[in-house]
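S.K.: Mapping of the sequence shown onto my numbering: residues 368 to 798, in sequence order.
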Amino acid sequence: MSVSQQVFLRDAMRRLNLTRDVFAARIGVKRRALDTWLLPEGSQEARNMPEVVGRFVTEIVENESLLQKYAQSAQSGPLRQRIAVDGKHQLLSVDQFSRESVEELFRIADLMQPIARRQKVSRVLEGAVLGNLFFEASTRTRVSFGAAFCRLGGSVCDTTGFTFSSMAKGESIYDTSRVLSGYVDAMVIRHPDQGSVAEFARATNIPVVNGGDGPGEHPSQALLDLYTILTEFSRLGKLLDGAHIALVGDLKYGRTVHSLIKLLALYRGLKFTLVAPKGLEMPDYILEQVGRHGGHVIEQTHSLEEGLVGADVIYATRVQKERFSGEDLEGYSADFQVNKAIVDQCCGPDVIVMHPLPRDSREGANDLSVDLNDDPRLAIFRQTDNGIPVRMAIFAVLLGVEGLVQHSLRDVTWSPPSHIGPDDSIFHGID
Ligand code: CP
Numbered sequence: 368m369s370v371s372q373q374v375f376l377r378d379a380m381r382r383l384n385l386t387r388d389v390f391a392a393r394i395g396v397k398r399r400a401l402d403t404w405l406l407p408e409g410s411q412e413a414r415n416m417p418e419v420v421g422r423f424v425t426e427i428v429e430n431e432s433l434l435q436k437y438a439q440s441a442q443s444g445p446l447r448q449r450i451a452v453d454g455k456h457q458l459l460s461v462d463q464f465s466r467e468s469v470e471e472l473f474r475i476a477d478l479m480q481p482i483a484r485r486q487k488v489s490r491v492l493e494g495a496v497l498g499n500l501f502f503e504a505s506t507r508t509r510v511s512f513g514a515a516f517c518r519l520g521g522s523v524c525d526t527t528g529f530t531f532s533s534m535a536k537g538e539s540i541y542d543t544s545r546v547l548s549g550y551v552d553a554m555v556i557r558h559p560d561q562g563s564v565a566e567f568a569r570a571t572n573i574p575v576v577n578g579g580d581g582p583g584e585h586p587s588q589a590l591l592d593l594y595t596i597l598t599e600f601s602r603l604g605k606l607l608d609g610a611h612i613a614l615v616g617d618l619k620y621g622r623t624v625h626s627l628i629k630l631l632a633l634y635r636g637l638k639f640t641l642v643a644p645k646g647l648e649m650p651d652y653i654l655e656q657v658g659r660h661g662g663h664v665i666e667q668t669h670s671l672e673e674g675l676v677g678a679d680v681i682y683a684t685r686v687q688k689e690r691f692s693g694e695d696l697e698g699y700s701a702d703f704q705v706n707k708a709i710v711d712q713c714c715g716p717d718v719i720v721m722h723p724l725p726r727d728s729r730e731g732a733n734d735l736s737v738d739l740n741d742d743p744r745l746a747i748f749r750q751t752d753n754g755i756p757v758r759m760a761i762f763a764v765l766l767g768v769e770g771l772v773q774h775s776l777r778d779v780t781w782s783p784p785s786h787i788g789p790d791d792s793i794f795h796g797i798d
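Printed below as a string of structure tokens:
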């Protein structure tokens with residue numbers, strides 16, 4: 368087997384669109400055994416899958432893939448060509464993806480997991496330089512894109528804020544983008560104006576990634592959010608088709624929810640409950656786009672209690688006060704806070720609670736409560752951890768090296784801790 372058994376099995380379940388329970392039954396093994404084969408290499412409880420099971424799974428996937436192959440041949444070619452914008456290798460919007468192409472990207476992210484988990488290293492981007500241009504505050508997006516590029520062997524140059532960029536002297540987006548293209552091999556850009564990253568992209572032929580353009584889009588965040596949902600659902604024995612997703616908070620200015628709802632709409636028969644304070648509802652142009660897919664139910668409410676009942680995923684967001692234009696709101700009111708009491712009251716033990724972060728921990732903000740911190744349903748740090756493999760996959764695809772990764776892997780030379788966060792042992796053995 369040329370890939371790890373974990374990647375092989377996850378890929379098989381995704382291709383066959385089966386939950387872990389159904390997949391285990393289909394191949395005639397106990398669910399517990401399957402769980403141990405899916406644990407990361409090096410975990411105490413990880414076990415090797417018997418060779419005969421591997422052969423059987425390969426046979427099932429190949430047979431069931433025959434029909435799909437005809438459909439897929441119509442869209443053959445490397446992933447970066449299929450998601451290209453005007454022939455350029457860029458990531459500006461989730462609109463570039465179909466369900467098939469997004470799942471193909473996730474198979475590449477699965478390949479990156481041993482690197483993200485510090486078991487392996489790779490140098491497939493050795494010599495390449497990333498330009499990280501962040502004209503707005505960021506911790507996760509800026510650092511995780513930089514770390515992802517470095518973990519593939521590249522290096523990073525960055526500039527933060529307008530003050531220390533020559534844009535403060537009146538330089539245009541066109542000139543800045545063209546100049547940087549002579550220095551670096553790819554750019555990630557965050558900018559406060561919607562559409563500005565597309566303007567950077569028009570002025571260059573090197574890959575450009577949208578790291579957030581004002582209230583527009585945040586495609587890499589939505590990709591890692593969807594990857595997290597699919598990974599958590601696989602563990603919980605759920606399918607995304609038919610699931611109930613509650614999006615909570617500032618849905619007007621929150622670019623992460625704009626990208627995420629469009630990406631989720633690629634799946635079938637979802638129920639969305641959109642829970643926003645008055646004046647911060649999801650823009651109509653996004654609702655219309657989601658509605659065009661058909662088969663989804665969208666309910667809007669100002670009541671958190673009403674919106675969370677029966678949800679499979681609660682996705683909370685921060686008030687984007689920095690983007691307000693006349694709105695009169697300091698933070699969420701207390702009855703809007705996602706906390707342990709309301710999650711217990713409205714949802715079951717297998718709900719997952721997500722947030723793109725940062726969460727506003729200041730008094731009176733009433734953002735996602737810290738009282739869920741030791742609750743395994745809170746997936747926010749599994750979500751941030753997934754930013755690395757997903758962003759590595761994005762670079763690998765845009766720079767055309769995804770086919771080189773598997774054979775480039777070497778063991779790490781240092782000893783990382785078995786759990787990177789103090790609370791992570793709570794989840795040990797469930798993924
Ligand atoms: N989720 C997110 O975009 O975080 P940062 O603003 O810290 O990059």
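Cβ coordinates follow ideal geometry from the N, Cα and C atoms, glycine included.
Since we're looking at a predicted model, the values are computed, not measured.
Using a threshold of 8 Å, state whether the C-beta atoms of Val-705 and Leu-735 are closer than that.
M.R.: Taking the sequence shown and counting its residues from 1, one reaches residue 705 at position 338. Taking the sequence shown and counting its residues from 1, one reaches residue 735 at position 368. Yes.
S.K.: Compare the C-beta of Lys-487 against all C-beta atoms of chain C and say whether one is closer than 8 Å.
M.R.: In summary, chain C is missing from the structure at hand, where a single protein chain is found.
S.K.: Measuring CA to CA, which of Ala-553, Leu-500, Arg-685, Cys-517 is closest to Met-534?
M.R.: Residue numbering aside, residue 534 sits at position 167 when the sequence shown is read from its first letter. Ranking Ala-553, Leu-500, Arg-685, Cys-517 by Cα distance to Met-534 puts Leu-500 first.
S.K.: Hey, Asp-388 and Arg-399 are a contact pair by Cβ (cut 8 Å); roughly how many whole angstroms apart?
M.R.: Locating residue 388 in the sequence shown gives position 21, counting from the first residue. Locating residue 399 in the sequence shown gives position 32, counting from the first residue. Contact flag wrong, Cβ pair sits at about 11 Å.
S.K.: Decide if Gly-636 is buried, meaning its Cβ has at least 16 other Cβ atoms within 10 Å, or exposed.
M.R.: Translated into positions along the sequence shown, residue 636 becomes position 269. Answer is exposed; the Cβ neighbour count stays below 16.
S.K.: Kindly examine the ligand CP and report whether one of its heavy atoms sits closer than 7 Å to the Cβ of Thr-623.
M.R.: Walking along the sequence shown from the start, residue 623 turns up at place 256. Yes, Cβ of Thr-623 sits closer than 7 Å to a heavy atom of the ligand CP.
S.K.: Is it the case that the Cβ atoms of Val-720 and Ala-760 are separated by a distance below 8 Å?
M.R.: Here the question's residue 720 lines up with position 353 in the sequence shown. Here the question's residue 760 lines up with position 393 in the sequence shown. Cβ atoms of Val-720 and Ala-760: not closer than 8 Å.
S.K.: Are Asn-753 and Tyr-634 closer than 8 Å when you measure CB to CB?
M.R.: Locating residue 753 in the sequence shown gives position 386, where the first residue counts as 1. Locating residue 634 in the sequence shown gives position 267, where the first residue counts as 1. No.
S.K.: Flag His-558 as yes when its Cβ comes closer than 7 Å to any non-hydrogen atom of the ligand CP, and as no otherwise.
M.R.: Start at 1 with the first residue of the sequence shown, and residue 558 comes out as number 191. Checking the Cβ of His-558 against the ligand CP gives no.
S.K.: Residue ranges of each beta strand (DSSP E) run of no fewer than 3 residues wholly in the segment 625 to 677, ordered along the chain?
M.R.: Qualifying beta strand (DSSP E) stretches, in chain order: 638 to 642, 664 to 668.
S.K.: Buried or exposed: which applies to Lys-645, given that a residue is buried once 16 or more other Cβ atoms fall within 10 Å of its Cβ?
M.R.: The count along the sequence shown starts at 1 and reaches residue 645 at position 278. Label assigned to Lys-645: exposed.
S.K.: Which complete alpha helix (DSSP H) runs does the segment 488 to 572 hold, if anything under 4 residues is left out?
M.R.: Entirely contained in the segment 488 to 572, the alpha helix (DSSP H) runs reaching 4 residues are, in chain order, 507 to 518, 540 to 548, 563 to 569.
S.K.: Would you call the segment 708 to 718 and the segment 643 to 657 touching, i.e. three or more CB-CB distances under 8 Å?
M.R.: Cβ pair count under 8 Å is below three, so no.
S.K.: Taking the alpha-carbon of Glu-538 as reference, which of Ser-511, Ala-515, Phe-567, Phe-512 has the nearest alpha-carbon?
M.R.: Here residue 538 corresponds to residue number 171 of the sequence shown, with the count starting at 1. Minimum Cα distance to Glu-538 is reached at Phe-567.
S.K.: Is any non-hydrogen atom of the ligand CP found closer than 7 Å to the C-beta of His-585, if you look at the structure I gave you?
M.R.: Along the sequence shown, read from residue 1 onward, the residue named residue 585 stands at position 218. Yes, the Cβ of His-585 comes within 7 Å of a heavy atom of the ligand CP.
S.K.: Does the pairing of the segment 521 to 534 with the segment 462 to 478 give three or more beta-carbon distances under 8 Å?
M.R.: Taking 8 Å as the limit for Cβ pairs, the verdict is that the segment 462 to 478 does not touch the segment 521 to 534.
S.K.: In chain order, what residues of the same chain have a beta carbon less than 8 Å from the beta carbon of Val-623, not counting five sequence neighbours either side?
M.R.: Against the sequence shown, residue 623 aligns to sequence position 256. According to the sequence as given, residue 623 is Thr; it is not Val. Excluding residues within five positions, the ones whose Cβ falls inside 8 Å are His-585, Gln-588, Ala-589, Asp-592, Thr-684, Pro-723.
S.K.: Is Arg-509 close to the ligand CP? I mean its beta-carbon at under 7 Å from any heavy atom of the ligand.
M.R.: As a working mapping, residue 509 is identified with position 142 in the sequence shown. The answer is yes for Arg-509.
S.K.: Any heavy atom of the ligand CP closer than 7 Å to the beta-carbon of Gln-588?
M.R.: On the sequence shown, residue 588 is found 221 positions in, with the first residue counted as 1. Yes; taking the cut-off as 7 Å, the Cβ of Gln-588 has a heavy atom of the ligand CP nearer than that.
S.K.: Below 8 Å on the Cβ atoms is my guess for Asp-738 versus Val-686; work out the distance and round it to an integer in Å.
M.R.: Counted from its first residue, the sequence shown places residue 738 at position 371. Counted from its first residue, the sequence shown places residue 686 at position 319. Not really, about 19 Å apart at Cβ, beyond 8 Å.
S.K.: Is the distance from the Cβ of Asp-679 to the Cβ of Ile-612 below 8 Å?
M.R.: Counting from 1 along the sequence shown, the entry for residue 679 is found at position 312. Counting from 1 along the sequence shown, the entry for residue 612 is found at position 245. A contact, by the Cβ cut-off of 8 Å.
S.K.: Whether or not the segment 548 to 559 and the segment 490 to 508 are in contact is what I'm after, with contact meaning three or more pairs of Cβ atoms, one per stretch, closer than 8 Å; do they touch?
M.R.: The segment 490 to 508 is in contact with the segment 548 to 559.
S.K.: Classify Pro-783: buried if its beta carbon has 16 or more other beta carbons within 10 angstroms, exposed otherwise.
M.R.: Residue numbering aside, residue 783 sits at position 416 when the sequence shown is read from its first letter. Result: exposed.
S.K.: How long is the line joining the alpha carbons of Ile-450 and His-625, rounded to whole angstroms?
M.R.: Taking the sequence shown and counting its residues from 1, the one referred to as residue 450 is at position 83. Taking the sequence shown and counting its residues from 1, the one referred to as residue 625 is at position 258. Cα-Cα distance, rounded: 19 Å.
S.K.: What do you get for Val-419, buried or exposed, if any count of 16 or more other CB atoms within 10 angstroms of its CB means buried?
M.R.: For the purposes of this step, residue 419 is identified with residue 52 of the sequence shown, where counting begins at 1. Under this definition Val-419 is an exposed residue.
S.K.: Please report the distance separating the alpha-carbon of Ser-792 from that of Cys-517.
M.R.: Taking the first residue of the sequence shown as position 1, residue 792 is located at position 425. Taking the first residue of the sequence shown as position 1, residue 517 is located at position 150. Cα to Cα, the separation comes out at about 27 Å.
S.K.: For Asp-702, list the residues DSSP reports as bridge partners.
M.R.: For the purposes of this step, residue 702 is taken as the residue at position 335 of the sequence shown. DSSP lists no partner for Asp-702.
S.K.: Does the Cβ of Glu-724 lie closer than 7 Å to at least one heavy atom of the ligand CP?
M.R.: For this step, residue 724 is matched to residue 357 along the sequence shown. Rather than Glu, the amino acid found at residue 724 in this sequence is Leu. Checking every heavy atom of the ligand CP against the Cβ of Leu-724, one is found closer than 7 Å.
S.K.: In angstroms, rounded to a whole number, what distance separates the CA positions of Thr-640 and Glu-655?
M.R.: In the sequence shown, the residue the question calls residue 640 occupies position 273. In the sequence shown, the residue the question calls residue 655 occupies position 288. The alpha-carbon atoms of Thr-640 and Glu-655 are separated by roughly 15 Å.
S.K.: Return the first residue and the last residue of the alpha helix (DSSP H) that Gly-754 is part of.
M.R.: Against the sequence shown, residue 754 aligns to sequence position 387. 747 to 765 is the extent of the alpha helix (DSSP H) around Gly-754.
S.K.: Rounded to a whole number of angstroms, what is the C-alpha to C-alpha distance between Tyr-437 and Val-428?
M.R.: Translated into positions along the sequence shown, residue 437 becomes position 70. Translated into positions along the sequence shown, residue 428 becomes position 61. Confidence at Tyr-437 is low in this model, with a pLDDT of 41, below 50, so the placement of that residue is unreliable and no value is reported for it.
S.K.: Can you find the residues in the same chain that come closer than 7 Å, C-beta to C-beta, to Leu-434, ignoring five residues on each side of it along the sequence?
M.R.: Here residue 434 refers to the residue found at position 67 of the sequence shown. Bear in mind that a pLDDT of 47 at Leu-434, under 50, signals an unreliable position, so the model cannot answer this.
S.K.: Give the range of the alpha helix (DSSP H) segment to which Asp-592 is assigned.
M.R.: Mapped onto the sequence shown, residue 592 falls at position 225. Asp-592 -> alpha helix (DSSP H) spans 586 to 603.
S.K.: With respect to the alpha helix (DSSP H) encompassing Met-416, which residues constitute its N-terminal and C-terminal limits?
M.R.: Mapped onto the sequence shown, residue 416 falls at position 49. It is not in any alpha helix (DSSP H) - Met-416 carries neither H nor E in the DSSP assignment.
S.K.: Going by Cα to Cα distance, which pick from Ser-785, Pro-789, Asp-790 is closest to Arg-485?
M.R.: As a first step, residue 485 is located in the sequence shown; it is residue number 118 there, counting from the start. With distances taken between Cα atoms, Arg-485 lies closest to Ser-785.
S.K.: Which term fits Val-546, buried or exposed, when burial requires 16 or more other beta carbons within 10 angstroms of its beta carbon?
M.R.: For this step, residue 546 is matched to residue 179 along the sequence shown. Answer is exposed; the Cβ neighbour count stays below 16.
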